[in-house]
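Report on the following structure.
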Amino acid sequence: MQKTKFEELNLSQHMKKAVAEMGFSEATPIQAAAIPVLIEGRDIIAQARTGSGKTAAFAIPAIERIDARRGLQTLVVCPTRELAIQVTEEFRRLFKYYDGLTIVTAYGGQDISIQLRALTQHPQIVVGTPGRLIDHMWRGTIRLDEVNFVVLDEADEMLNMGFRDDVEDILSYVPQSRQTAMFSATMSPDIMRLMKKHLKNPVHIDTTDHKNEVPKIEQLYCELLETQKFDALTSIIDQRDIKAALIFVNTKSMVDRLVSRLSGAGYRARGIHGGHEQCRREMVMNSFRDGSVKILVATDVAGRGIDISDIDTVINYDLPRDDEDYTHRIGRTGRAGKLGTSFTFVVGKELYDLKRIEKNGGFNIQRMDIAGLGQKPSRPEAKRRVETDRTKDSAPAARSPKSTTGDAARRPASKKNGRTGEKRQPSSHDEGWITDSTGFKYKLI
Ligand code: ADP
Ligand code: MG
2 MQKTKFEELN LSQHMKKAVA EMGFSEATPI QAAAIPVLIE GRDIIAQART GSGKTAAFAI
62 PAIERIDARR GLQTLVVCPT RELAIQVTEE FRRLFKYYDG LTIVTAYGGQ DISIQLRALT
122 QHPQIVVGTP GRLIDHMWRG TIRLDEVNFV VLDEADEMLN MGFRDDVEDI LSYVPQSRQT
182 AMFSATMSPD IMRLMKKHLK NPVHIDTTDH KNEVPKIEQL YCELLETQKF DALTSIIDQR
242 DIKAALIFVN TKSMVDRLVS RLSGAGYRAR GIHGGHEQCR REMVMNSFRD GSVKILVATD
302 VAGRGIDISD IDTVINYDLP RDDEDYTHRI GRTGRAGKLG TSFTFVVGKE LYDLKRIEKN
362 GGFNIQRMDI AGLGQKPSRP EAKRRVETDR TKDSAPAARS PKSTTGDAAR RPASKKNGRT
422 GEKRQPSSHD EGWITDSTGF KYKLI
């Protein structure tokens, strides 16, 4: 790609001087692409990795258009106070040679009177976090009627942190004639929806190298009966050499039921949901993080904040009730460039829901058959015994023939000790069975 010098970017002398002083000679790709479009006055949605210079990409055109004699014109919304402070500092360095420009940072946690005093100086630029900005809007200390440029910085983070409603609230108070720019390191269906609603004919800029950037998540689904879910789950656990598996269910009581059923069957599993005390949740998370527990069962709310790069398996034991949760759930794996697999169990009509999730989210979720699940004779008696005896030590024995074998996630950990999968493996003349890198066998259909 050809390099763009700041000299070529048609900037004011003041700006060129400041940029040179900051040690920037060439514009980063996102700056080279976004600055001319923003100066032209168009809305943009810009995706670029962290550290690629997104701040100056919006701060330079913002400063270039500001009229020092007027009130608040540029509003930047950031997910955290640290970011708000960083963005403010970058603005200050960039407008150093402009006369009469004032900027105020508005974030929670700081005594509001400091911000109230600063706001009486009639800043042209305000950088803030959503909650505090709304607070000032209600107090009437920030007026948005002259704002003509709004930036949603780190939009993905903002949505991940649950600021969607606040962001939409803020946007609804800014005049429609404004220019809007959205910057993000990643692009999710959530962001696309926000963009469609609030941006006018935006220019898309994407400087990420998608080959490296997109989380590597293989997404599979399996159609089964409700009564087959547990066997399907243990089949996946038995056959995959799991480092860490996150299992999502829809209710707190289901978390508890599934954990006790897994424990009863000899698997070391723990559960996490909003009904647990904070210290218990932390203990469970620590044991999951350090690998002493490999199977964690969670509700959506509890699972949302889990950011562990080693999660290689996500299982949607229950299909999420809210379509958007699918993205959040599978996003727990495939992090930091690692490979992850998600399995979604689908019962009956839920298939329609999954198809909708796939279409709206732009996913490719492939149908699979779990080796042995279909062929497995139902063993109602053995099953019943597991159900009733699951809290007793004898329960694992009832899981014949599985209980005779071990696996990575089981107690005692003896994965070399013969894989449960052997029994379920399709015969060699079965066509189309795939063994993945973890030894798990499945078939795409
Ligand atoms: P992002 O928002 O994309 O994560 P930042 O805007 O925080 O990235 O920029 C990251 C660092 O790169 C900052 O220290 C910034 O001053 C610096 N930077 C920005 N643009 C340039 C440039 N054109 N040349 C050199 N350094 C730059
Ligand atoms: Mg940034």
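So the sequence shown is numbered by the working numbering: it starts at 2 and just counts up by one.
Backbone N, C-alpha and C fix where the C-beta goes; we use that ideal spot for every residue, glycine too.
Original post:
Could you give the distance in angstroms between the alpha-carbon of T121 and the alpha-carbon of N161?
Top reply: 33 angstroms
Original post:
How about T187: is its Cβ closer than 8 angstroms to a heavy atom in ligand 1?
Top reply: no
Original post:
When the Cα atoms are used, what is the spatial distance from D232 to I171?
Top reply: Their backbone Cα atoms lie some 48 angstroms apart in a straight line.
Original post:
In terms of residues, what are the limits of the alpha helix (DSSP H) holding Q125?
Top reply: Annotation for Q125: no alpha helix (DSSP H) segment contains it, and DSSP assigns it neither H nor E.
Subject >> Rounded separation between T392 and R282 - CA only >> reply: Here T392 scores only 35 on pLDDT, less than 50, and its place in the model should not be relied on; the value that follows carries that caveat. One C-alpha to the other measures close to 22 angstroms.
Original post:
Do M23 and ligand 1 come close, with the Cβ less than 8 angstroms from some heavy atom?
Top reply: Indeed, a heavy atom of ligand 1 lies less than 8 angstroms from the Cβ.
**OP:** Report all residues from its chain with a CB closer than 8 angstroms to the CB of V148; omit the five preceding and five following residues, and keep chain order.
**Re:** L73, Q74, T75, L76, V175, P176, R179
Original post:
Leaving out five residues before and five after K6 in sequence, what residues of the same chain have Cβ atoms less than 8 angstroms from its Cβ?
Top reply: S26, E27, A28
Original post:
Taking the alpha-carbon positions, what's the L352 to K201 distance?
Top reply: 35 angstroms
Original post:
Per DSSP, what kind of secondary structure is L73 in: helix, strand or coil?
Top reply: coil
Original post:
So which of R133, I192, L134, W139 has the shortest CA-CA distance to D157?
Top reply: For D157, the nearest C-alpha among the options comes from I192.
Subject >> Residues that N361 bridges to, as DSSP identifies them >> reply: DSSP output for N361 lists no bridge partner at all.
Subject >> Per-residue DSSP class, three states only, for L12 >> reply: coil
**OP:** May I ask you to list the residues that DSSP assigns as paired with H205?
**Re:** I46
Original post:
Is there at least one non-hydrogen atom of ligand 2 closer than 8 angstroms to the beta-carbon of T51?
Top reply: Yes, the beta carbon of T51 sits closer than 8 angstroms to at least one heavy atom of ligand 2.
**OP:** Can you tell me which of T130, I104, P131 puts its alpha carbon nearest to the alpha carbon of R118?
**Re:** I104
Original post:
Are V152 and F59 close, meaning C-beta to C-beta below 9 angstroms?
Top reply: yes
Original post:
CB of K17 to nearest heavy atom of ligand 1: below 8 angstroms?
Top reply: Checking every heavy atom of ligand 1 against the Cβ of K17, none is found closer than 8 angstroms.
Original post:
Are the segment 282 to 296 and the segment 253 to 273 touching, with three or more C-beta to C-beta distances below 8 angstroms?
Top reply: yes
**OP:** Assuming D301 contacts P321 (C-beta within less than 8 angstroms), just tell me the rounded distance between them.
**Re:** 6 angstroms
Original post:
Buried or exposed: L247, going by 16 or more other Cβ atoms within 10 Å of its Cβ?
Top reply: buried
Subject >> Rounded straight-line distance, which links the Cα of D44 to that of N13 >> reply: The sequence shown places Ser at residue 13, not Asn. Approximately 22 angstroms between the Cα atoms of the pair.
Original post:
For the candidate residues Y98, A107, L102, S114, whose alpha-carbon lies nearest to that of Q125?
Top reply: L102
Subject >> Burial state of D323 (16 or more Cβ within 10 Å) >> reply: exposed
Original post:
Taking all protein chains shown into account, do 16 or more other C-beta atoms lie within 10 angstroms of the C-beta of E9, making it buried, or fewer, making it exposed?
Top reply: exposed
Original post:
Quick one: does the C-beta of D301 sit closer than 8 angstroms to a heavy atom of ligand 2?
Top reply: no
**OP:** Could you check the C-alpha separation between K244 and L297 for me, to the nearest Å?
**Re:** 11 angstroms
Original post:
By a C-beta neighbour count over all protein chains shown, 10 Å radius and 16 as the cutoff for buried, is H205 buried or exposed?
Top reply: exposed
Original post:
Out of curiosity, what's the CA-to-CA distance linking Y99 and H15?
Top reply: 7 angstroms
Original post:
So does D157 have its beta carbon nearer than 8 angstroms to some heavy atom of ligand 2?
Top reply: no
Subject >> Environment of S293 [buried if 16+ CB atoms lie within 10 Å] >> reply: exposed
Subject >> Simplified DSSP state of F7, which is helix, strand or coil >> reply: helix
Original post:
If we ignore side chains and look at the alpha-carbon of each, how far apart do S114 and E91 end up?
Top reply: 24 angstroms
Subject >> Selection from G304, H137, P37 that minimises the alpha carbon distance to I61 >> reply: P37
Original post:
Is it the case that the CB of K55 approaches a heavy atom of ligand 2 more closely than 8 angstroms?
Top reply: yes
Subject >> Segments of 4+ residues assigned as alpha helix (DSSP H) that fall wholly inside the segment 303 to 346 >> reply: Within the segment 303 to 346, the complete alpha helix (DSSP H) runs of at least 4 residues fall at 324 to 331.
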